[in-house]
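Under the UniProt record's numbering, the first residue of the sequence shown carries the number 1, and numbering increases by one thereafter.
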Amino acid sequence: MSASFIRQHHHTIADTESRSEERTRQGQPELVISILDDENLDPLASGRLHSSLNANQVKQMFRCVYILLRDTGRRPGEICQLGADCLLDGVEPELIWDNVKGKRLGRRLPISQQTASAIRDWQQVRADTLIAEAGADYLFPARSRAAPIPYLRTQTVGDALRIWAKWINDNVALPTGETPPLEGVSLYAYAFRHSYAQRHAAAGIPVDVLRDLMDHKNISTTMGCYDISLRRKREAVATIAALTVDRLGARKPSSLGAYELR
């Protein structure tokens, strides 16, 4: 190396990883989701006006939007653009949706009966409301007849989530007495997609299956949506340690600590 070389601060490589190995990658932690679900769904979209819907109908629509974000892992825009007949009902229900970003339309996603029930409930409510002709084909029609797009805007969903989070912080206390319960939490719609990926990864769903559920082309994209928990890393090390062999190929199990030091 030349003697004229001088180390500069910009020559260093920044550590972009969090110090916590258990962090989730841009997703909502399960604790946050449990707070949202725990008798706190009713205030969602309270007081919000939307087309010809009454107050209760607005709440039911946004309740369905939230459940679909939480349970399906679809992008906010994909939820907002769902067709009115997006539910393929049956013993094993499926959600018919369009991957607009990937230009793959008419995709099918297996969903639970509980999620399907939320869609059915909203479809029944929707059937009794006056929907503008432009939004008739969408599960979640636009806010007004004059809206530039005929379906619910992602910005509207985001606004409703932020107001909901503020209401929870102002009115709900955790059993431990901590308040506000969502302090420091940024509640935004896209985070539920990462939570979906993290939840499936933590349950041990193979990455190739998760890739298909997320409708990614590349596994590397899927792996960028979640973190491997410290528990699973230790399980992997323990499994390999038990299969360690010596230089002659003979089985020579190693302790977890000894294997990690190799």
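Glycine residues also receive a C-beta, built at the ideal position from the N, C-alpha and C atoms.
The model shown is predicted, which means the values in this text are computed figures rather than measured ones.
Using the Cβ count rule (16 or more neighbours within 10 Å means buried), how would you classify residue i?
i           : result
residue 35  : buried
residue 65  : buried
residue 206 : exposed
residue 157 : buried
residue 155 : exposed
residue 108 : exposed
residue 76  : buried
residue 220 : exposed
residue 149 : exposed
residue 181 : buried
residue 208 : exposed
residue 201 : buried
residue 306 : Because the chain spans 1 through 262 in this model, residue 306 falls outside it and cannot be assessed.
residue 71  : buried
residue 104 : exposed
residue 175 : exposed
residue 32  : buried
residue 110 : exposed
residue 59  : buried
residue 198 : buried
From the DSSP output, in three-state form, read off residue i for me.
i           : result
residue 130 : coil
residue 116 : helix
residue 54  : coil
residue 83  : strand
residue 68  : helix
residue 49  : coil
residue 210 : helix
residue 196 : helix
residue 185 : coil
residue 203 : coil
residue 215 : coil
residue 42  : coil
Could you please give the first and the last residue of the uninterrupted alpha helix (DSSP H) stretch that includes residue i?
i           : result
residue 76  : 76-80
residue 107 : First-last for residue 107: 104-110, but that is the beta strand (DSSP E), not the alpha helix (DSSP H).
residue 169 : 154-171
residue 147 : It is not in any alpha helix (DSSP H) - residue 147 carries neither H nor E in the DSSP assignment.
residue 308 : Outside the displayed span of the chain (1 to 262) sits residue 308, for which this structure offers no information.
Determine which residues share a DSSP beta bridge with residue i and list them.
i           : result
residue 178 : Residue 178 pairs with nothing; no bridge assigned.
residue 99  : 104
residue 138 : 83
residue 94  : 88 and 110
residue 151 : 141
Check for me: the beta strand (DSSP E) holding residue i runs from which residue to which?
i          : result
residue 30 : It is not in any beta strand (DSSP E) - residue 30 instead sits in the alpha helix (DSSP H) that spans 30-37.
Less than 9 Å between the C-beta atoms of residue i and residue j, yes or no?
i           : j           : result
residue 119 : residue 87  : yes
residue 214 : residue 190 : no
residue 211 : residue 69  : no
residue 57  : residue 129 : yes
residue 63  : residue 163 : no
residue 134 : residue 143 : no
residue 173 : residue 187 : no
residue 61  : residue 84  : no
residue 95  : residue 126 : no
residue 43  : residue 122 : no
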